[in-house]
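Per our numbering, the very first residue in the sequence shown carries number 103; after that it's consecutive.
Where is the CB? At the ideal position from N, CA and C, for every residue including glycine.
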Amino acid sequence: MLYLLLSGGVYPVAPDERAETTHGHTVAWAIAHLRHPIRAVDVPLMEICGKCLEKDRERRFQSFDELIEALSAFCRRQRIPIPAEEQPLGANFDAEYALAMSLGGTGKPEQAVNKLREMARRWPNECRIHTELGRVLIGLNRCEEALEATQRSLSIDSSRTAPWNNLGAILARLQRFDEAKGAFGKAVLIEPENTGAMFQLAQLHMMDGDMVAAKNLCDLALFWRPEKVSVLKIASECFLPANESAKAETILKKLVSIEPLDTRAWFNLSLCHSIRKNPSEQIVALTEVLKRKPFDGDVLYFLVQTHVDLNQMDEAISVSERLGEVPGWEIVGVSKRAQLLALQGNGMLGYFLLNKATERHERSALLWFSMAVILSPQAAYRQQALTAAENAVMCYRENPKQLSPADFSALSILLRDLSGGR
103 MLYLLLSGGV
113 YPVAPDERAE
123 TTHGHTVAWA
133 IAHLRHPIRA
143 VDVPLMEICG
153 KCLEKDRERR
163 FQSFDELIEA
173 LSAFCRRQRI
183 PIPAEEQPLG
193 ANFDAEYALA
203 MSLGGTGKPE
213 QAVNKLREMA
223 RRWPNECRIH
233 TELGRVLIGL
243 NRCEEALEAT
253 QRSLSIDSSR
263 TAPWNNLGAI
273 LARLQRFDEA
283 KGAFGKAVLI
293 EPENTGAMFQ
303 LAQLHMMDGD
313 MVAAKNLCDL
323 ALFWRPEKVS
333 VLKIASECFL
343 PANESAKAET
353 ILKKLVSIEP
363 LDTRAWFNLS
373 LCHSIRKNPS
383 EQIVALTEVL
393 KRKPFDGDVL
403 YFLVQTHVDL
413 NQMDEAISVS
423 ERLGEVPGWE
433 IVGVSKRAQL
443 LALQGNGMLG
453 YFLLNKATER
463 HERSALLWFS
473 MAVILSPQAA
483 YRQQALTAAE
493 NAVMCYRENP
503 KQLSPADFSA
513 LSILLRDLSG
523 GR
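Structure (structure tokens):
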């Protein structure tokens, strides 16, 4: 092939005469190859090509490496650039693997997938490639492909914990929860300090309501990684609903000291303070949440209630005014503000706010109910209170979700009182 390239398609030897049969043709070419000298081609590479075509085997290149060395020497003499010597299989694996991981870690998951698939073709039995491919595909929510890559990794080497972690995550996303538990359990057995698998397994137990198993895993994870943020997050959310608010509070205080911008942690800490009857600390925690999420209606409502518990009525009214400015919370905010104004003896201002709000939300049971509550103690306004209560009942019947069962019960009692027991 090299000679054909050098000569422009001419063969190095030719038979003396054209044979009449196929067999004769083959024999003629064999004789030519055996006996006829090689036709010289006036090119620098003819020296190497001629050695390849030597009749005497002993005078040919004895190995492919010897041929490559001769070609390299020729290129150096001619000052022709040549590629770097090919490294043995796997010698540049770490560099390739690091590149693939960096692509995945810098927001280029599709490029990472392509790179890893390319590597898998070069190193088909390297389990780390398939493991990382599975991890990236999980992030892309391509669970079936991730499952295939992970199973391939485990078929190569099932003694590594990372593919078991991946398998558990994939199975959990596919809602195969029992199998996911088995995979995470296997990961913990292989690596007893694998806190990632521990808290994933703990979450699955929490979903099943098995809080004992979940707490045991969280305790173990905290033992191994007491400062790890992900461990602190999961452990706090395990202990808080498990009626261990004191332990959850300790964990959450550590968490917010490490991650002061974590609004979920601050909110959970406020819940701990609420359970443990510590409203002052609760206000501090809620205020931290509102620094990052100033229009969170749930947090503002919770803060209003906390100020009321501390009898801080002015602060509660101020926060309820902010609550009324949050989209979707206007009715709740105005109702709460009006009720608090009434408690301060300023019921007519509360009535004015409610009356104005009903112009925009005339079918709101909560606004009419709040108006009835504010007006009912004043004899001069009992008829208006009765009308408001009747409107509240009518709106409630249109949409029962507007009032809680407790509020509707209170509304029914108020309506009977205002209507004289009718």
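- Annotated three-state conformation of E228 is coil, per DSSP.
- In this structure, S466 is the residue among G241, S466 and S506 with its C-alpha nearest to the C-alpha of N493.
- In this structure D398 is buried. Its beta-carbon is surrounded by 16 or more other beta-carbon atoms within 10 angstroms.
- About 7 Å separates the CB atoms of F341 and I353; that is less than 8 Å, so the two are in contact.
- In this structure, L468 lies near Q504, with their beta-carbon atoms less than 9 Å apart.
- Selection D364, P362, W470 and A387 evaluated against L373 yields A387 as nearest (Cα-Cα).
- Your pair N318 and A289 does not check out as a contact, with CB atoms roughly 16 Å apart and the cut at 8 Å.
- Minimum Cα-Cα distance from E293 among the listed residues G270, S261 and L306 corresponds to S261.
- Following the DSSP letters along the chain, one finds E168 inside the alpha helix (DSSP H) bounded by residues F166 to R179.
- Taking a 10 Å sphere around the C-beta of N227, we find fewer than 16 other C-beta atoms and assign the residue as exposed.
- Nearest Cα to K355 within the set A367, L363 and A344: A367.
- For the pair M203 and T252, the Cα-to-Cα distance works out to about 16 Å.
- Contact between M300 and A344 does not hold, since their C-beta atoms are separated by about 16 Å, which reaches or exceeds 8 Å.
- DSSP, reduced to helix, strand and coil, places K157 outside both helices and strands of the structure shown, so it counts as coil.
- For K349, the uninterrupted alpha helix (DSSP H) segment begins and ends at S347 to I360.
- When V333, I360, K379 and L371 are compared, the shortest CA-CA separation from E351 is found for L371.
- The DSSP assignment places no complete beta strand (DSSP E) segment of no fewer than 3 residues inside the region 476 to 508.
- Here T460 is near M473, since their CB atoms are less than 9 Å apart.
- Looking only at S109, S165 and E464, the smallest Cα-Cα distance to R141 is reached by S109.
- DSSP places S437 inside the alpha helix (DSSP H), whose first and last residues are E432 to L445.
- Look at E427 here: in three-state DSSP terms it is coil, with no helix or strand label.
- Close CB contacts of Y483 within its chain, under the 6 Å cut and outside five residues either way in sequence, are with L477 (chain order).
- Ranked by how close their Cα comes to the Cα of L517, the residues S506, M496, E500 and N501 have M496 in first place.
- The beta carbon of P183 sits closer than 8 Å to those of C177, all from its chain and outside the five residues before and after it, given in chain order.
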